[in-house]
Ligand SMILES: Cc1ncc(COP(=O)(O)O)c(C=O)c1O
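Below, the structure is given as structure tokens:
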């Protein structure tokens, strides 16, 4: 067997040197070697070490600057190093980072009150992540569905969940069970039983699958990983009425699309009815891990001490930062900025779509935008990175933009200029005869079918 040091030497020889930085001669970075050798291989990452950010820009260890239109996958809504966030972190870190949920802290109650105002819900439970909020909401749905005559420990008759095709809800067992994408779910089977996936925005399919055994339906109000598709009003209304009729919970996963991303506090606020449970995480504590289950007084009354809990969730530092985040969104009128910059972006992208015929559709709301291509998106992401622009590709054919809420008009223009170059160069490369990357008719058909 190869010893640790010879394995490291062989890695040192094999690892690709950073190619994305400026002209600095690249030495193999030992941090990349450590990552290669000691981390579980769960991510495919470019050989670059990101070191810091400022506003809407991120920098790597070679000093290269990137315009960040991915925002840490919808987390860095205030960009990087926002002075008010930095100030709260400095202040609170010197007072109390953690106190345990056995005691009140100064920020959990006020944060719950603020979120009630934003969401129209009554009460909150704080978790550390989105996926934990999903699992907590699934527990709540099971609890709500259990009849008093059913003995504890027996499988409740009302135990099934409905979720959307192409949905993504996280990585814990509950969350993968309601996540449609098979590669996230099937390797870990058996998952939570009784889950059925409903075709996106398909009311007859929803009606056919809903019955009295359903305890909860989970809807990402705008599908994120699934390619930036907003749930339609008819579908939402029907899900609401069926949930009420069958005594099930309507659970809105607003982990990616909530807290301002669409230009509204919550994406579901464009509908006339509200969910029973709304779940948030990503931008809530401006980059510190924090999620929340928001729900009604009625549902809250089903819980009693000890039925659910967490060690870290709702700690004083994270909650203080989250309160500041929400105040900054209000003080800096960021919802207006999101709507205005989002409209400029979609406008610019629509113009680009008339120049590049492989752009099939521009979708989304506010600063959550999907650019559907008829060819694979991954090469565009690499080319963008080469040119100092961070974007992402989801579902193979959709380029996803999640820029920070603080993005300026000038940065939108900077993005559009860079992105046009990315579109032009990537397709030039793809159409060279020996590149092997030209549009694959099968893939085009697949994109058209979705
Ligand atoms: C819609 C949605 N739900 C749930 C999650 C899971 O959140 P987390 O990664 O914080 O567990 C994500 C993460 O990308 C998400 O986009």
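Residue numbers (the numbering used here): 101 to 550. For glycine and all other residues, C-beta sits at the position ideal for the given N, C-alpha and C.
Any non-hydrogen atom of ligand 1 closer than 7 Å to residue i Cβ
i           : result
residue 398 : no
residue 381 : yes
residue 517 : no
residue 189 : no
residue 198 : no
residue 362 : no
residue 271 : yes
residue 498 : no
residue 229 : yes
residue 265 : no
residue 235 : no
residue 448 : no
Within 8 Å, strictly: CB atoms of residue i and residue j
i           : j           : result
residue 294 : residue 231 : no
residue 342 : residue 315 : no
residue 233 : residue 391 : yes
residue 268 : residue 327 : no
residue 389 : residue 418 : yes
residue 397 : residue 378 : no
residue 490 : residue 167 : yes
residue 552 : residue 280 : This structure cannot settle anything about residue 552, because the visible part of the chain is limited to 101 through 550.
residue 189 : residue 429 : no
Continuous beta strand (DSSP E) stretch holding residue i: start and end
i           : result
residue 152 : 150-154
residue 59  : Given a span of 101 to 550 for the chain in the structure shown, any question on residue 59 remains unanswerable.
residue 236 : First-last for residue 236: 230-245, but that is the alpha helix (DSSP H), not the beta strand (DSSP E).
residue 317 : 314-320
residue 498 : 498-501
residue 159 : 157-160
Buried or exposed by the 16-neighbour rule on C-beta atoms within 10 Å, applied to residue i
i           : result
residue 465 : buried
residue 437 : buried
residue 153 : buried
residue 317 : buried
residue 500 : buried
residue 125 : Its pLDDT being 46, under 50, residue 125 is placed unreliably in this model, and the value from its coordinates should be taken loosely. When all chains shown are included, residue 125 counts as exposed.
residue 423 : buried
residue 404 : exposed
residue 414 : buried
residue 123 : Because the pLDDT of residue 123 is 44, which lies under 50, any placement of that residue in the model is unreliable, and the number read from its coordinates should be weighed accordingly. Classification for residue 123: exposed.
residue 221 : buried
residue 308 : exposed
residue 180 : buried
Start-to-end residues for the alpha helix (DSSP H) that takes in residue i
i           : result
residue 341 : 333-346
residue 223 : Segment 223-227 is the beta strand (DSSP E) holding residue 223; no alpha helix (DSSP H) there.
residue 297 : First-last for residue 297: 295-298, but that is the beta strand (DSSP E), not the alpha helix (DSSP H).
residue 219 : 208-219
- Which ranges would you report for the beta strand (DSSP E) in the stretch 354-419 if only whole runs of at least 3 residues count? As far as the stretch 354-419 is concerned, its whole beta strand (DSSP E) runs of at least 3 residues are 377-380, 391-395.
- Query: Which ranges does the beta strand (DSSP E) cover as unbroken runs of at least 3 residues, wholly within the stretch 449-491, from first to last along the chain?
  - Reply: 459-465, 468-473
- Item | 4-residue-minimum alpha helix (DSSP H) runs that sit fully inside the stretch 253-291, ordered along the chain | Listed in chain order, they are 273-277, 282-285.
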